[in-house]
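Visitor: Counting in our numbering, the sequence shown tops out at residue 467, every number present. Beta carbons are placed, not taken as given, at the ideal position from N, Cα and C, and that holds for glycine. What you are looking at is a predicted structure, and each value in this text was computed from that prediction instead of being measured.
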Amino acid sequence: IAQCLVGSEMCIRDRYYADLFGIAEDDLLYSVRRLNCIDGEPVSIEMTLIPCLLFPGIEDVDISVFSLFETYDMLGRKPDQSVEKLDIEALGARDASLLNLEPGDLALVLEGLTYDSSGQAIEHAKSFTRGDAGGYTYNY
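As structure tokens, this is what we get:
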């Protein structure tokens with residue numbers, strides 16, 4: 328799987344994310360958006376939000392070299408647990424375009440929240456996967 332960074336930026340979201348991460352509404356979040364391809368064909372989009380307050384300097388880490396989980400560990404907060412939800416959603420125009428689909432086409436959605444060992448939420452991630460590109464396998 329080839330992964331390319333579609334974009335990253337510092338942003339402020341809303342009360343939902345402030346409550347989710349236990350931060351102030353005007354605290355910055357680091358937003359990362361990636362496109363995953365197999366043999367040049369787009370199969371999924373990943374969108375991740377990370378509270379900058381918990382990871383000072385995260386925007387300076389080359390996330391094309393280090394995974395986000397490696398980055399969290401390097402910056403002192405090792406991921407410990409994730410809670411995920413699998414669903415199906417209709418794609419908006421931007422995401423459909425990136426996946427070579429039509430707006431309104433359905434995609435598998437995996438949305439999750441990752442915590443460190445203290446129970447602090449450190450990442451909110453959401454991915455959209457083409458329905459014709461495969462599925463998910465879970466091991467318990």
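Do L433 and S454 have their C-beta atoms within less than 8 Å of each other?
Guide: Counting from 1 along the sequence shown, the entry for residue 433 is found at position 106. Counting from 1 along the sequence shown, the entry for residue 454 is found at position 127. No, these two residues do not count as a Cβ contact at 8 Å.
Visitor: Excluding five sequence neighbours on each side, which residues of the same chain lie with their C-beta closer than 6 Å to the C-beta of L413?
Guide: In the sequence shown, residue 413 corresponds to position 86, counting from 1. So the qualifying residues of the chain are L437.
Visitor: What residue from L376, V333, G349 has the CA that sits closest to N363's CA?
Guide: Within the sequence shown, numbered from 1, the residue matching residue 363 stands at position 36. The shortest Cα separation from N363 among L376, V333, G349 belongs to V333.
Visitor: To the nearest angstrom, how far is the alpha carbon of D443 from that of L380?
Guide: Taking the sequence shown and counting its residues from 1, one reaches residue 443 at position 116. Taking the sequence shown and counting its residues from 1, one reaches residue 380 at position 53. Cα-Cα distance, rounded: 14 Å.
Visitor: In the DSSP assignment, what are the bridge partners of M374?
Guide: The residue labelled residue 374 in the question sits at position 47 within the sequence shown. In the DSSP output, where bridge partners are listed per residue, M374 has R360, K453.
Visitor: If you measure between the beta carbons of V370 and A460, is that distance less than 8 Å?
Guide: As a working mapping, residue 370 is identified with position 43 in the sequence shown. As a working mapping, residue 460 is identified with position 133 in the sequence shown. Yes. Within cutoff.
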